[in-house]
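Okay, so here's the structure we're looking at.
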Amino acid sequence: MPATLTPPAADPAASVRAGAVPRRRTRLLALPEVRRAAAATALFLLALPLQLAGAPALIWGALYVLSYATGGWEPGWEGLKALKGRTLDVDLLMVVAALGAASIGQVMDGALLIVIFATSGALEALATAPTADSVRGLLDLAPATATRIAADGTEQTLPVDELAVGDTVLVRPGERVGADGRVLDGASEVDQTSITGEPLPALKEPGDEVFAGTLNGTGALRVRVERDASDSVIARIVRMVEEASETKAPTQLFIEKVEQRYSLGMVAATLAVFGVPLAFGEAFSEALLRGMTFMIVASPCAVVLATMPPLLSAIANAGRHGVLVKSAVAMERLGQIDAVALDKTGTLTEGTPRVVDVRPLRERGLDEVELLTFAAAAEHPSEHPLARAVVDAARERGLDLPATEGFTSAPGIGVMAVVGGRTVQVGAPARLLAEAEAEVEVEVEAKCAADAGADAGGDTDGVVAALVRELEESGRSAVLVVVDGTPAGVLGIADRLRPDAAATVAALTVLTGTAPTLLTGDNPRAAARLAAEAGVEDVRAGLLPQEKVGAVRELEGAGRRVMVVGDGVNDAPALAAAHIGVAMGRAGSDLALETADAVIVRDELVAVPATVALSRRARELVVQNLVIAGVFIAGLVVWDLAGTLPLPLGVAGHEGSTVLVGLNGLRLLRDSAWKRAAAEGTGTPAGAAEL
Numbered sequence: 003m004p005a006t007l008t009p010p011a012a013d014p015a016a017s018v019r020a021g022a023v024p025r026r027r028t029r030l031l032a033l034p035e036v037r038r039a040a041a042a043t044a045l046f047l048l049a050l051p052l053q054l055a056g057a058p059a060l061i062w063g064a065l066y067v068l069s070y071a072t073g074g075w076e077p078g079w080e081g082l083k084a085l086k087g088r089t090l091d092v093d094l095l096m097v098v099a100a101l102g103a104a105s106i107g108q109v110m111d112g113a114l115l116i117v118i119f120a121t122s123g124a125l126e127a128l129a130t131a132p133t134a135d136s137v138r139g140l141l142d143l144a145p146a147t148a149t150r151i152a153a154d155g156t157e158q159t160l161p162v163d164e165l166a167v168g169d170t171v172l173v174r175p176g177e178r179v180g181a182d183g184r185v186l187d188g189a190s191e192v193d194q195t196s197i198t199g200e201p202l203p204a205l206k207e208p209g210d211e212v213f214a215g216t217l218n219g220t221g222a223l224r225v226r227v228e229r230d231a232s233d234s235v236i237a238r239i240v241r242m243v244e245e246a247s248e249t250k251a252p253t254q255l256f257i258e259k260v261e262q263r264y265s266l267g268m269v270a271a272t273l274a275v276f277g278v279p280l281a282f283g284e285a286f287s288e289a290l291l292r293g294m295t296f297m298i299v300a301s302p303c304a305v306v307l308a309t310m311p312p313l314l315s316a317i318a319n320a321g322r323h324g325v326l327v328k329s330a331v332a333m334e335r336l337g338q339i340d341a342v343a344l345d346k347t348g349t350l351t352e353g354t355p356r357v358v359d360v361r362p363l364r365e366r367g368l369d370e371v372e373l374l375t376f377a378a379a380a381e382h383p384s385e386h387p388l389a390r391a392v393v394d395a396a397r398e399r400g401l402d403l404p405a406t407e408g409f410t411s412a413p414g415i416g417v418m419a420v421v422g423g424r425t426v427q428v429g430a431p432a433r434l435l436a437e438a439e440a441e442v443e444v445e446v447e448a449k450c451a452a453d454a455g456a457d458a459g460g461d462t463d464g465v466v467a468a469l470v471r472e473l474e475e476s477g478r479s480a481v482l483v484v485v486d487g488t489p490a491g492v493l494g495i496a497d498r499l500r501p502d503a504a505a506t507v508a509a510l511t512v513l514t515g516t517a518p519t520l521l522t523g524d525n526p527r528a529a530a531r532l533a534a535e536a537g538v539e540d541v542r543a544g545l546l547p548q549e550k551v552g553a554v555r556e557l558e559g560a561g562r563r564v565m566v567v568g569d570g571v572n573d574a575p576a577l578a579a580a581h582i583g584v585a586m587g588r589a590g591s592d593l594a595l596e597t598a599d600a601v602i603v604r605d606e607l608v609a610v611p612a613t614v615a616l617s618r619r620a621r622e623l624v625v626q627n628l629v630i631a632g633v634f635i636a637g638l639v640v641w642d643l644a645g646t647l648p649l650p651l652g653v654a655g656h657e658g659s660t661v662l663v664g665l666n667g668l669r670l671l672r673d674s675a676w677k678r679a680a681a682e683g684t685g686t687p688a689g690a691a692e693l
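Counting from 3, one number per residue, gives the positions in the sequence shown under my numbering.
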């Protein structure tokens with residue numbers, strides 16, 4: 003009875019296996035900056051109407067004091083610690099200005115300054131939270147529990163965090179490995195896509211290393227734990243990303259250096275603004291008020307905040323759309339590139355095997371449909387990626403498969419089954435040819451026709467060997483199909499070009515002004531064929547890792563800022579040498595993921611030009627913010643020196659400019675910002691998406 007091919011049932015872990023980071027969302031009040039700002043604002047809003055209504059000063063004064071404490075204690079304490087390290091922090095200046103305003107009776111104005119300053123800090127925290135969520139989501143790739151085997155053989159299920167080095171864990175078929183370790187007993191094929199990016203499962207036998215989060219196949223494994231959960235490959239990736247995300251962009255570092263000198267000069271100028279009028283007979287309270295107002299309006303808060311919110315917002319937005327940019331430095335550098343170098347396998351290609359050639363031996367009486375039907379029917383019970391590739395090819399052609407009997411599978415060799423009464427073997431050509439040749443020799447001896455049989459077998463072997471060689475030279479993996487002990491044909495399986503590869507190449511060409519370069523270790527013929535499909539003209543094939551680095555340095559020596567996009571261990575040196583390195587998340591090896599400055603988690607290649615366009619938009623907003631901050635500071639300082647600037651207006655103007663540049667940077671958090679960047683990255687007219 004024929005077996006109709008149907009799509010596999012939905013797998014809830016499929017998105018994780020595909021490299022997608024599980025979606026997490028930090029609760030608003032989980033952020034301490036938000037809690038402090040909310041508390042300070044609530045207390046201020048309670049005190050203000052009581053003050054205006056003429057309530058006893060003890061009541062509203064106590065509320066103002068609590069507002070000062072909740073909103074200003076933490077930044078004030080951090081400022082004092084920075085001062086101990088001989089660094090003058092703007093946070094401390096703001097707290098001092100607020101206390102100074104309170105000391106001359108302007109309690110409400112000082113509280114307003116604290117509230118607005120705390121709100122600015124909360125907005126910055128909100129900009130970074132989505133990126134932290136995406137990074138922590140990587141931990142969900144590893145299971146929460148594991149089965150530990152005690153010395154007496156009993157089994158215990160416990161959290162993976164409680165596993166210790168030297169423990170033995172049992173990994174059942176279909177489970178994820180709970181810890182990095184080494185196989186003690188058992189054999190199975192393990193899907194390591196989430197760690198190494200290899201599209202084909204790796205055979206694991208005693209002595210082989212396995213990684214936490216990888217998916218076990220059909221066999222059971224006993225694994226000795228060799229690393230703590232905190233030191234697993236996945237944990238190290240997360241830790242590396244979190245550490246890198248704390249870095250500052252070069253513009254921010256420059257501003258911080260200027261900020262120190264500026265702040266010292268501002269303190270000296272504040273003392274002069276206070277002391278000179280006082281020396282000429284101005285009232286103490288008026289001179290102090292003028293000095294406090296000057297210190298507030300001249301403070302570089304808005305300038306400091308001009309840089310990070312746009313870059314952090316761009317990082318958060320990219321993270322929501324499957325791109326982990328590890329730092330503000332990386333986000334800034336993405337917008338500076340003017341040359342791109344692409345890897346081939348797993349980057350321009352899908353990293354998933356597909357049947358691209360069906361070569362029957364016509365003299366055996368089978369056509370392409372019959373050969374593929376036999377192969378797919380035999381492979382149908384198997385879960386091996388090559389088997390799925392064969393079955394998927396049959397599904398795409400709408401073939402009905404005969405029933406199979408006596409299915410067996412041998413790791414590294416292939417499968418065998420009885421299909422429609424005929425014995426079918428599908429697997430590695432070298433192994434199956436050796437078996438077929440042995441069977442021919444036995445049959446020849448039985449019939450006493452050694453010469454004729456040997457010639458026939460030799461001729462068949464020669465034809466098959468030629469087909470296998472032809473397919474392998476063109477970059478395909480050859481799979482031999484044997485029917486009733488006789489080779490019937492060869493299937494060519496290869497990695498296909500990503501559907502968005504050509505569009506990505508075209509978009510990067512527009513963004514950088516030059517076409518990308520293909521750097522690959524594959525043979526020149528296969529590389530040239532794929533490059534032609536993708537639209538790449540500059541092809542450099544057969545490269546060793548150090549030669550890829552040499553190609554990148556050659557481009558940079560010509561004054562180019564190069565972005566390298568890759569996925570494998572052999573790409574890691576080039577990723578490190580480039581101005582910016584981008585790794586493909588699903589196919590990326592752990593070394594590539596650690597080395598790269600950004601990771602395309604969902605493996606959507608078209609996200610690369612979109613992220614570049616988003617980075618350039620962030621740089622534009624940084625310039626806008628610096629102009630806004632400079633105009634506000636200059637205007638308020640001139641007003642205070644040339645006239646009499648009321649403290650409330652000074653506070654409102656200064657902190658208003660700080661909030662304004664913060665909100666301007668947070669515009670990049672909106673989904674429309676990504677849509678616009680994606681439109682620019684694909685050459686769509688800018689009007690097609692709103693910001």
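Even glycine gets a Cβ: it sits at the ideal position worked out from N, Cα and C. Owing to the predicted nature of the structure, the values given are computational and were not obtained by experimental measurement.
CB-CB under 7 Å to residue i, same chain, minus the five flanking residues each way: which ones, in chain order?
i	result
alanine 104	Gly112
leucine 116	As written in the sequence, residue 116 is isoleucine, which differs from the leucine given in the question. Only Ala42, Ser69, Tyr70, Gly73, Gly74, Ala100 meet the Cβ criterion.
threonine 506	Leu607, Val608, Val610, Pro611
threonine 597	Ala574, Leu577, Ala578, Gly583
valine 470	Pro431, Ala480, Val492
Is residue i helix, strand or coil by DSSP?
i	result
glycine 176	coil
threonine 309	coil
arginine 361	strand
glutamate 443	Residue confidence for glutamate 443 is low, a pLDDT of 49 falling below 50, so the modelled location carries little weight; the figure read from the coordinates is stated next. Residue state, collapsed to three classes: helix.
glutamate 407	strand
serine 287	helix
glycine 429	strand
valine 538	coil
threonine 660	helix
alanine 355	Note on identity: in this sequence residue 355 is proline, with alanine being the wrong assignment. If DSSP states are grouped into helix, strand and coil, proline 355 belongs with the strands.
threonine 149	strand
Go ahead and label residue i buried or exposed: buried means 16 or more other beta carbons lie within 10 angstroms of its beta carbon, across all protein chains shown.
i	result
alanine 380	buried
serine 617	buried
arginine 38	buried
arginine 531	exposed
serine 329	buried
threonine 133	Here threonine 133 scores only 47 on pLDDT, less than 50, and its place in the model is too uncertain to base an answer on.
alanine 412	exposed
glutamate 157	exposed
leucine 60	exposed
aspartate 486	exposed
Looking at residue i and the ligand HEM, is the gap between the Cβ and the nearest heavy atom below 7 Å?
i	result
leucine 94	Among the components of this structure there are no ligands whatsoever, and the ligand HEM is therefore not found.
Could you tell me the boundaries of the beta strand (DSSP E) in which residue i lies?
i	result
glutamate 191	190–193
alanine 585	582–586
isoleucine 495	488–499
arginine 38	Looking at the DSSP string, arginine 38 is not in any beta strand (DSSP E); the run it does join, the alpha helix (DSSP H), is 34–54.
threonine 159	157–161
valine 227	223–227
Among residues of its own chain, excluding the 5 on either side of residue i, which ones have a beta-carbon nearer than 8 Å to its beta-carbon?
i	result
leucine 595	Ile239, Ala585, Gly587, Val601
threonine 630	Note on residue identity: the sequence assigns isoleucine, not threonine, to residue 630. If we look at isoleucine 630 and ignore the five residues flanking it on each side, its Cβ neighbours are Ala304, Ala308, Ser659, Leu662, Val663, Asn666.
Just to confirm my understanding: we take residue i, look at its own chain, exclude 5 residues before and 5 after, and list those with CB closer than 6 Å. What are they?
i	result
valine 466	Pro489
aspartate 163	Ala231
aspartate 210	Val185
leucine 65	Leu45, Leu48, Ala49
arginine 621	Gly337
Specify, as a first and last residue, the run of the alpha helix (DSSP H) that residue i falls within.
i	result
valine 629	609–644
alanine 600	Here alanine 600 belongs to no alpha helix (DSSP H); instead the beta strand (DSSP E) covers 600–602.
isoleucine 61	59–86
aspartate 394	387–398
lysine 550	547–559
alanine 509	503–514
Count the C-beta pairs between the region 505–516 and the region 543–558 that are closer than 8 Å, then say yes if the count reaches three, no if not. Counting Cβ pairs under 8 Å, fewer than three are found: no touch.
Count the C-beta pairs between the region 290–298 and the region 262–280 that are closer than 8 Å, then say yes if the count reaches three, no if not. When Cβ pairs closer than 8 Å are counted between the two stretches, the region 290–298 is seen to touch the region 262–280, the count reaching three or more.
Counting pairs of beta carbons, one from the region 666–685 and one from the region 341–348, are three or more of them closer than 8 Å? Touching, no.
Would you call the region 212–230 and the region 176–194 touching, i.e. three or more CB-CB distances under 8 Å? Result yes; three or more Cβ-Cβ pairs closer than 8 Å.
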